[in-house]
Amino acid sequence: NPAAVFMDKGMVSIGDNCSISGVVFVTHSGGDRVIKNHWGVSVDSGLGRKIVVGNNVTIGASVTVMYGVTIGDNCVIGAGSYISRDVPAGTVTRPPEAAHAGKTDDYVARLVNRTQRKLISYRAGEVI
267 NPAAVFMDKG
277 MVSIGDNCSI
287 SGVVFVTHSG
297 GDRVIKNHWG
307 VSVDSGLGRK
317 IVVGNNVTIG
327 ASVTVMYGVT
337 IGDNCVIGAG
347 SYISRDVPAG
357 TVTRPPEAAH
367 AGKTDDYVAR
377 LVNRTQRKLI
387 SYRAGEVI
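Each number in our numbering comes from the position in the sequence shown (counting from 1) with 266 added on.
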């Protein structure tokens with residue numbers, strides 16, 4: 267998504283089949299690199315760690331993903347979340363501090379169930 271901001275694309279790995287909404291900010295501190303380039307000294311503040319987004323991940327609008335975070339496969343990151351810790355595979359998060367909101371499989375099952383109910387209502391001529 268062109269509205270997503272990546273501070274340093276070389277420090278971000280994004281898996282297959284991912285959806286990243288607008289106004290998403292993926293950041294890390296490039297301070298270690300600046301110090302090395304200017305002063306010639308290698309330091310490890312821990313702030314320059316790579317961000318990894320797994321496969322089949324959906325990241326909602328206005329999400330901030332901080333340095334060193336790994337978002338596992340099959341995750342849904344709710345709009346407005348602030349991700350500062352790893353998100354285990356198959357997790358759905360909700361803001362503000364990316365609280366664990368459930369498992370992705372349960373979320374998908376609820377969506378399928380809701381969709382099926384709407385189709386049944388539609389076919390029966392009910393107003394949706």
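Glycine included, every Cβ here is placed at the ideal spot set by N, Cα and C.
Practice task
Quick one: measure Cβ to Cβ for I343 and T324, integer angstroms, because I've assumed they're closer than 8 Å.
Solution key: 7 Å
Handout entry: Buried versus exposed, by CB contacts within 10 Å (16 or more), N283
Key = exposed
Exercise for the section: Using DSSP bridges, identify the partner residues of S285. Expected result: T324
Practice task
Might you give, ordered along the chain, the residues of its own chain that have their beta carbon closer than 7 Å to the beta carbon of M332, omitting 5 neighbours on each side?
Solution key: T293, I349 and S350
Problem - T336 beta carbon less than 9 Å from that of D352 - result: Yes, these two residues count as a Cβ contact at 9 Å.
Exercise for the section: Tell me, to the nearest whole angstrom, how far the beta carbon of K316 is from that of S279; I am working on the premise that it is less than 8 Å. Expected result: 6 Å
Problem - Three-way DSSP call (helix, strand, coil) for K316 in this model - result: Coil, per DSSP.
Handout entry: Proximal residues to H304 (C-beta, below 6 Å), its chain only, five neighbours per side dropped
Key = none
Exercise for the section: Would you give the residue range spanned by the beta strand (DSSP E) that V353 belongs to? Expected result: Counting along the chain, V353 falls outside any beta strand (DSSP E), and DSSP gives it neither H nor E.
Exercise for the section: Output the distance between the C-alpha atoms of N340 and N322, rounded to the nearest integer angstrom. Expected result: 5 Å
Handout entry: For G276 and A345, the rounded distance between their alpha carbons
Key = 24 Å
Practice task
State the DSSP-derived secondary structure class of V374, mapped to helix, strand or coil.
Solution key: helix
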